[in-house]
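Undergrad: Counting from 1018, one number per residue, gives the positions in the sequence shown under this note's numbering.
Glycine included, every Cβ here is placed at the ideal spot set by N, Cα and C.
Just so you know, these numbers come straight off a predicted model, no measurement behind them.
Sending over a structure as structure tokens; questions will come in a sec.
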Amino acid sequence: MERDNSVLIFVELGPDGGILPLSLECVTAGRKLAELLGCGVDGLVLGSSVGEAVQELSHFGLDRVYVVDHPLLDIYHPEMACTAFLQACEVEKPKAILMGESLTSVDLAPRLAFALNTGLITDCVGFEMEEGAIHFVKPVYSSNVMAAYALATEPYLVTMRSRVEDPAERRGEPGAEVIGVEVELDNSALETVVVERILEEEEGPKLTSSDIIVSGGRGVGGLEGFEQIAELAALLNGAVGASRPPVDLGWASPKAQVGQTGEKVGPSVYIAVGISGATQHIAGMSASRTIVAINKDPRANIFKVADYGVAGKHEEVLPAFLEAMKQVLGQGDVE
Ligand SMILES: Cc1cc2nc3c(=O)[nH]c(=O)nc-3n(C[C@H](O)[C@H](O)[C@H](O)COP(=O)(O)OP(=O)(O)OC[C@H]3O[C@@H](n4cnc5c(N)ncnc54)[C@H](O)[C@@H]3O)c2cc1C
């Protein structure tokens, strides 16, 4: 297949039809990759009645925005999305495809790799040019080692870790050329059927997009301790995170789990309370800009990655921390 030599960003839309910040981070990453490859950056939107989102997307410095607008793409369906994506690739002929690491891309990317007969790099955090070849960098062995991979096949297919790049900035004038792609979709021979989609109601800031995360571990001791974690998170307008044991013990929601088998986060501030710092936990939060650890054991592993540490019991440190924060934010008791 002759390639158009562009980087194609898969732009995902949220349940409200808005562009996911993760996809705008991919636009930034895509620009860096395109600079190394000496090519342009295009976007691809799949969905139904997506005119408004496409109009918005044209403000983010992409050269072209390809749009597949079809009623059968209203709710994400693996086979429909893959078929539509492949047909769009026949028009666009990208050299590389970038997708944000999301539930959708984790499902879609391997299907595309198989159908396009190309290699896939997941959880990528950056690119390097080595002797004329692009190397895709990703953390391995619970983030203890950074590995660089070169792909021998095109298009390069890559999922990008969230919050590695800043989201692309909106520009005043829409600059992208919008190209509608007609696709043929048939739902009569589907192997899976989406019966229903139920959106869970979420309270407070989301773990993956929050700038501040307050995380609790087994050392927090129970539900009562987690109430203090939640109070501090709310005070800082941050999200509640957790290591795996509190999730297994039912003190925290599975959605709050940070780590190798949980969410990978990179907020500006990550406060770890009663967390020992096992490699499987560090794997999910080491990208945080500033790490604060509160742990009663001064030799705990978490202090090796922390920028600031308090060696003490959370029962003593957290109430004092909360009170101090309230004073700073002007919400404390005036004496
Ligand atoms: C395949 C696999 C995948 C995994 N994936 C994940 C994952 O995604 N995320 C994850 O987190 N873990 C994961 N784990 C589990 C991981 O190995 C650790 O067991 C886990 O991270 C430990 O959680 P913790 O630090 O909360 O608990 P612990 O290791 O029990 O540490 C508790 C800490 O609290 C401190 N403490 C105790 N009391 C207090 C107190 N009163 N005040 C202050 N500090 C106190 C202790 O000093 C200790 O450091 C995974 C494991 C496997 C095998």
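Please confirm whether Val1024 and Leu1061 have their CB atoms less than 8 angstroms apart.
TA: Taking 8 angstroms as the Cβ cut-off, Val1024 and Leu1061 do not qualify as a contacting pair.
Undergrad: Per DSSP, what kind of secondary structure is Lys1272 in: helix, strand or coil?
TA: Here Lys1272 sits in helix by DSSP.
Undergrad: Pick helix, strand or coil for Cys1141, following the three-state DSSP scheme.
TA: It is a strand residue.
Undergrad: Taking only runs that begin and end inside the region 1225–1279, name each unbroken beta strand (DSSP E) of 3 or more residues, in chain order.
TA: Listed in chain order, the complete beta strand (DSSP E) runs (minimum 3 residues) inside the region 1225–1279 are 1229–1233 and 1256–1259.
Undergrad: Let me know if Ser1303 comes out buried or exposed under the rule of 16 or more other beta-carbons within 10 Å of its beta-carbon.
TA: By the 10 Å Cβ count, Ser1303 comes out buried.
Undergrad: For Phe1131, count the other beta carbons within 10 Å of its own beta carbon; 16 or more makes it buried, fewer makes it exposed. Which is it?
TA: Burial call: exposed.
Undergrad: Please report the Cβ distance between Pro1184 and Ile1229, rounded to the nearest whole angstrom; I am assuming they are in contact, meaning their Cβ atoms lie under 8 angstroms.
TA: Actually they do not touch by this definition, with Cβ atoms about 17 angstroms apart.
Undergrad: Give a single yes or no on whether Ala1295 has its beta carbon closer than 7 angstroms to a heavy atom of ligand 1.
TA: Yes, the beta carbon of Ala1295 sits closer than 7 angstroms to at least one heavy atom of ligand 1.
Undergrad: Which whole-angstrom value is the C-beta distance of Gly1143 and Leu1168, which I expect to be below 8 angstroms?
TA: That belief does not hold up - the Cβ atoms of Gly1143 and Leu1168 are roughly 15 angstroms apart, past 8 angstroms.
Undergrad: Let me know the secondary structure DSSP gives Glu1171 once reduced to three states.
TA: Glu1171 falls in the coil class under three-state DSSP.
Undergrad: Write down the C-beta distance between Ser1160 and Ile1292 rounded to the nearest angstrom, noting that I regard them as a contact closer than 8 angstroms.
TA: That pair is no contact at about 15 angstroms.
Undergrad: Going by other Cβ atoms of all chains shown within 10 Å of its Cβ, with 16 needed for buried, is Met1177 buried or exposed?
TA: Classification for Met1177: buried.
Undergrad: Would DSSP call Val1283 helix, strand or coil?
TA: It is Gly, not Val, that sits at residue 1283 in the sequence shown. If DSSP states are grouped into helix, strand and coil, Gly1283 belongs with coil.
Undergrad: For the region 1326–1344 and the region 1189–1208, state whether three or more C-beta atom pairs, one from each stretch, are separated by less than 8 angstroms.
TA: Cβ pair count under 8 angstroms is below three, so no.
Undergrad: Given that a residue counts as buried once 16 or more other Cβ atoms are within 10 Å of its Cβ, and exposed if not, what is Lys1155?
TA: Result: buried.
Undergrad: Would you check whether ligand 1 has a heavy atom nearer than 7 angstroms to the C-beta of Gly1258?
TA: It does not: the Cβ of Gly1258 is nowhere closer than 7 angstroms to a heavy atom of ligand 1.
Undergrad: Excluding sequence positions up to five away, which residues of its chain have a Cβ less than 6 angstroms from the Cβ of Glu1042?
TA: Cβ neighbours of Glu1042 beyond the five flanking positions: Glu1182 and Pro1184.
Undergrad: Answer yes or no: do Leu1346 and Leu1249 have a C-beta to C-beta separation smaller than 8 angstroms?
TA: No.
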